[in-house]
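Heads up: the sequence shown begins at 75 in the working numbering, then just goes up one per residue. Scroll down for the structure; my scribbles are underneath it.
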Amino acid sequence: MVKYLSKILIILLIYILIASSIFPQQAVEDKELPYPYNPILDARKDLDSARYLAVNTELKSKEKAYLESKKANAYLQAMAISDSQIGEYQESISYFDRFLSQINNKFDPRKFNGYKPQDAVKVIESIATSRQIIFINELHHVPLHRAFTIRLLEVLYNKGFRYFCAETLSFSDKELNERKYPMFNKTGFYTDEPVYADLIRTALKLGYTVVPYDYQGDGTTLKDREYGQAKNLYDNILLKNPKAKILVHGGFGHIQKGGKGDAKLMGQYFKEISKIDPFSIDQCEMTEKATSELESKAYKYGLRQNSSNISVIFSNKKGKTFTNDSGYDAQIFHPHSEYQKGRPTWLLIDGRRKYYEIPTDLCKNVFPCLIQAFYSNESEDAVPIDQVKAISSNEIPALVLPTGDFRIRVVNSSGNVVNNSKISLK
Numbered sequence: 075m076v077k078y079l080s081k082i083l084i085i086l087l088i089y090i091l092i093a094s095s096i097f098p099q100q101a102v103e104d105k106e107l108p109y110p111y112n113p114i115l116d117a118r119k120d121l122d123s124a125r126y127l128a129v130n131t132e133l134k135s136k137e138k139a140y141l142e143s144k145k146a147n148a149y150l151q152a153m154a155i156s157d158s159q160i161g162e163y164q165e166s167i168s169y170f171d172r173f174l175s176q177i178n179n180k181f182d183p184r185k186f187n188g189y190k191p192q193d194a195v196k197v198i199e200s201i202a203t204s205r206q207i208i209f210i211n212e213l214h215h216v217p218l219h220r221a222f223t224i225r226l227l228e229v230l231y232n233k234g235f236r237y238f239c240a241e242t243l244s245f246s247d248k249e250l251n252e253r254k255y256p257m258f259n260k261t262g263f264y265t266d267e268p269v270y271a272d273l274i275r276t277a278l279k280l281g282y283t284v285v286p287y288d289y290q291g292d293g294t295t296l297k298d299r300e301y302g303q304a305k306n307l308y309d310n311i312l313l314k315n316p317k318a319k320i321l322v323h324g325g326f327g328h329i330q331k332g333g334k335g336d337a338k339l340m341g342q343y344f345k346e347i348s349k350i351d352p353f354s355i356d357q358c359e360m361t362e363k364a365t366s367e368l369e370s371k372a373y374k375y376g377l378r379q380n381s382s383n384i385s386v387i388f389s390n391k392k393g394k395t396f397t398n399d400s401g402y403d404a405q406i407f408h409p410h411s412e413y414q415k416g417r418p419t420w421l422l423i424d425g426r427r428k429y430y431e432i433p434t435d436l437c438k439n440v441f442p443c444l445i446q447a448f449y450s451n452e453s454e455d456a457v458p459i460d461q462v463k464a465i466s467s468n469e470i471p472a473l474v475l476p477t478g479d480f481r482i483r484v485v486n487s488s489g490n491v492v493n494n495s496k497i498s499l500k
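Put into structure tokens, the structure is as follows:
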């Protein structure tokens, strides 16, 4: 009975997100107080990547009104997305956790008996030898989860994986695999966030074929979307290449296996359609929350067992991986974020990036400002590789960048360009 109720809660969460944020283009204008996603969508419609901070500022200026309205939950979700896009990661988590924070406190420490924390990347590398399909999920407001999947890409490519599928990708961006980088308001909704954009960019550079798979039909029920996602994965890849090895990066509980009837999610439908059992990895439950009180007992216990401060999967001597949720094959325990130079260290992505300290005069004494970095060889409408908000000359976080040549653009809270420059990092 407890397991059934847990599944119903997951389905309810997904349904709420489908209705209010996963398909934000369905927003309807309200004369009294606009739908909170509208400023985000308007900037995308105008192809204006200079307006990330302006959108964030506009939303925050109406916070009191939104929180006192029936649009409060939609506002909290929109702010979580907006803050994640401008590098305000802790604020993003705080807004989302005010919207909805599920705590699965069904926990018995004896479940950990015989399990030891192991480097999550190495565990997945070992699993990939015998698995054809790997699913991994994310919380849409937590770029940490995208950074972790970036770490997997080369490891899995070396294991024969050649297809990378992401839930957010648009079927209309037909040039993505040839262009090799994501574009603002073309490639996908969540790919407007720099770490997600770099996840796609990295997959393409490694040689993956990047494939969209989200449901495109007219149905609006949970079943329509879950079955539609699974069918797209099967039809667009496995029908043509039955032995293809595929990494799927999905959202929330869609990748879960198990359930019956209308309680099925994409992972279960895919298993039934393809006759392949995907290895399904959860990042959502065992990850930091805005406060310790919102973190599950299992997560806290796992952190206490992990002295390495790296992302881990618990496994036993027989190679069985720990999960506190039967819908997944494994769960990643991400440690609390540590910050250096104003940025989380997970942005370094195993040394693929390094800190670039921003000159104090770059913002020309205009604060707050948003400092954006773009690859010099990408078009004007490319998604930034990184961007940070600075609130004063004494509080300018570092950019975190790979080697290469970059355009640096500084914009103010109205979306006007304050400065342009170029840098080269060796």
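C-beta atoms are modelled at their ideal positions from N, C-alpha and C, and glycine is treated no differently.
Per DSSP, cross-strand counterpart(s) of residue i
| i | result |
| --- | --- |
| E469 | S466 |
| E212 | G325 |
| K496 | R481 |
| F448 | R481 |
| S354 | F209 |
| T283 | Y237 |
| R299 | Its beta-bridge partners do not exist; DSSP assigns none. |
| G262 | L243 |
| A456 | M257 |
| Y413 | P418 |
Residue interval of the beta strand (DSSP E) (run including residue i)
| i | result |
| --- | --- |
| G324 | 320-325 |
| Y429 | 428-430 |
| I387 | 386-389 |
Where residue i sits in the DSSP three-state scheme
| i | result |
| --- | --- |
| P191 | strand |
| R205 | coil |
| M153 | helix |
| L107 | coil |
| V129 | helix |
| D435 | coil |
| Q461 | strand |
| V491 | strand |
| F186 | helix |
| L243 | strand |
| A101 | Residue confidence is low: A101 scores 44 on pLDDT, short of 50, so the model does not pin down where it sits. Its coordinate-derived value is still stated next. Reduced to three states, the DSSP call for A101 is coil. |
| I96 | With a pLDDT of 45 at I96, under the threshold of 50, the predicted position of this residue should be treated as unreliable, though the coordinate-derived value follows. I96 falls in the helix class under three-state DSSP. |
| T419 | helix |
Whole-angstrom distance between residue j and residue i, CA atom to CA atom
| i | j | result |
| --- | --- | --- |
| L133 | T265 | 20 Å |
| A362 | K371 | The identity of residue 362 in the sequence shown is Glu, whereas the question assumes Ala. Their backbone Cα atoms lie some 12 Å apart in a straight line. |
| S487 | F396 | 46 Å |
| D403 | I355 | 6 Å |
| M360 | L321 | 21 Å |
| P442 | I160 | 12 Å |
| L473 | E412 | 16 Å |
| S400 | C437 | 50 Å |
| E367 | T419 | 24 Å |
| D254 | K279 | It is Lys, not Asp, that sits at residue 254 in the sequence shown. Between K254 and K279, the C-alpha separation is close to 7 Å. |
| K415 | P471 | 6 Å |
| Y308 | Y163 | 35 Å |
| A467 | Q446 | Per the sequence shown, residue 467 should be read as Ser rather than Ala. Approximately 16 Å between the Cα atoms of the pair. |
| N179 | I406 | 17 Å |
| A202 | E142 | 49 Å |
| R378 | S450 | 44 Å |
| S204 | A194 | 17 Å |
| N232 | K319 | 11 Å |
| A148 | S495 | 37 Å |
| A277 | N306 | 20 Å |
| I459 | V197 | 28 Å |
| G332 | I210 | 16 Å |
| D182 | N398 | 9 Å |
| C358 | L339 | 16 Å |
| A139 | Y111 | 15 Å |
| T294 | S498 | 48 Å |
N- and C-terminal bounds of the alpha helix (DSSP H) containing residue i
| i | result |
| --- | --- |
| Y169 | 163-173 |
| F222 | 217-231 |
| F344 | 340-348 |
| R118 | 112-119 |
| Y375 | 371-379 |
| N251 | 250-253 |
| Y402 | Here Y402 belongs to no alpha helix (DSSP H), and DSSP marks it neither H nor E. |
| L47 | Residue 47 is absent from the structure shown; the chain starts at 75 and stops at 500. |
Below-8 Å beta-carbon distance, residue i vs any chain D residue
| i | result |
| --- | --- |
| A304 | Note that chain D does not occur in the displayed structure, where there is just one protein chain. |
Would the region 162-176 and the region 428-436 be scored as touching if the rule is three or more Cβ pairs under 8 Å?
In the pairwise beta carbon analysis, the region 162-176 is classified as not touching the region 428-436: fewer than three pairs are separated by under 8 Å.
Three Cβ pairs or more, each shorter than 8 Å: is that satisfied between the region 479-495 and the region 177-196?
With the rule of 3 Cβ pairs closer than 8 Å, the region 479-495 does not count as touching the region 177-196.
Segment contact, 8 Å Cβ cut-off, at least three pairs: the region 262-277 with the region 234-251
Touching, per the Cβ criterion.
Is the region 115-123 touching the region 447-460 in the sense that three or more CB pairs, one from each, lie closer than 8 Å?
These segments touch.
Counting Cβ pairs, one atom from each stretch, are 3 or more of them under 8 Å apart for the region 153-168 and the region 340-348?
No, they do not touch.
Taking one C-beta from the region 415-424 and one from the region 217-228 each time, how about it: are there three or more such pairs within less than 8 Å?
Contact annotation: the region 415-424 touches the region 217-228, with at least three C-beta pairs closer than 8 Å.
Between the region 209-222 and the region 244-253, are three or more C-beta pairs nearer than 8 Å?
These segments do not touch.
Any chance the region 298-313 sits against the region 282-290, with 3 or more Cβ pairs inside 8 Å?
Output reads yes: the region 282-290 touches the region 298-313.
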